[in-house]
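> The numbers in numbering that gives the first Met the number 0 rise by one with no breaks, and the one at position 4 of the sequence shown is 3. From the three backbone atoms N, C-alpha and C, an ideal C-beta is built for every residue, glycine too. Predicted, not measured: the structure shown is a model, and the values here were computed from it.
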Amino acid sequence: MMKELVVATKNEGKVAEFRSMFSKYGIEVKSLLDFNEPIKDIVEDGDTFEENAAIKAEAIAFQYEIPVVADDSGLEIDALNGEPGIYSARYAGEEKNDQKNLEKVLSQMEGVPESERTARFVCAVAVARPNHETFVKRGTCEGVIANCPRGTEGFGYDPIFIPKGSNRTMAEHSAEEKNSISHRKNAIVKIEQWLQQLS
């Protein structure tokens with residue numbers, strides 16, 4: 000059984016989410032903030048969220064010889080043939096810009112009727128361990144694209160994504176509400192089921 004692992008992020012909120020899950024199994028969670036040695040540049044050139052999450056996890060696991068959890072996530076819109084997909088963070092250009100990404104999506108969705116505005120947030124979580132096969136699970140959160148941004152909570156595409164069963168955008172949900180239905184939460188649940196089999 001694993002005793003410790005690294006979450007491949009510098010996002011404190013994400014680390015806390017993983018830490019609360021893994022602590023139940025006596026696993027100490029570290030993040031990239033706990034390392035002085037710089038992480039070598041990782042080219043995430045996969046064609047899917049799963050491939051990119053695995054590439055990131057395996058590269059860091061190889062560098063530090065320690066189990067690593069990494070995730071890759073984004074937005075898939077059916078009317079745009081799955082775009083922005085794995086390019087979600089840089090949809091409007093190489094410089095990450097949430098506002099420009101939102102504007103690009105809304106301009107491309109102009110005139111698309113409500114019945115065809117279906118979309119989903121996707122998160123793939125990979126666990127890479129030295130000398131073991133990498134384990135990857137996908138979680139999704141289904142919903143529709145709003146006609147205009149609403150709300151101030153969250154980040155990224157949250158202001159234009161209305162989760163199924165709600166009439167509010169993700170950015171109009173509290174952090175607790177969002178975390179209970181998010182794509183990352185749904186992927187983490189599947190990772191936890193795998194952990195239970197290991198223990």
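Can you give the beta carbon distance from Thr151 to Ala170, rounded, assuming they're within the 8 Å contact cut?
That pair is a contact at about 6 Å.
> Compare the C-alpha of Ser106 against each of Ile41, Phe154, Ile144, Asp157 and name the closest.
Measuring from the Cα of Ser106, the nearest candidate turns out to be Ile144.
> Alpha carbons only, please: which of Gln98, Ser179, His131, His172 is nearest the one belonging to Cys147?
With distances taken between Cα atoms, Cys147 lies closest to Gln98.
> Among Val135, Glu43, Ser30, Leu101, which has the Cα closest to the Cα of Glu11?
Here the closest residue by C-alpha is Ser30.
> Run through DSSP, which three-state label would Gly110 get?
Three-state result, Gly110: coil.
> For Pro158, which three-state DSSP category applies?
Here Pro158 sits in helix by DSSP.
> Three or more C-beta pairs under 8 Å: does that hold for the segment 41–60 against the segment 20–29?
No, the segment 41–60 is not in contact with the segment 20–29.
> In terms of alpha-carbon separation, which member of Thr133, Ala7, Lys177, Arg167 lies closest to Ile59?
Nearest of Thr133, Ala7, Lys177, Arg167 to Ile59, Cα basis: Ala7.
> May I have the straight-line CA-CA distance separating Ala127 from Lys2, to the nearest angstrom?
Their Cα atoms are separated by approximately 14 Å.
> Please identify the residue among Asp33, Glu113, Arg119, Lys103 whose C-alpha is closest to the C-alpha of Lys9.
Checked all of Asp33, Glu113, Arg119, Lys103; the closest Cα to Lys9 is Asp33.
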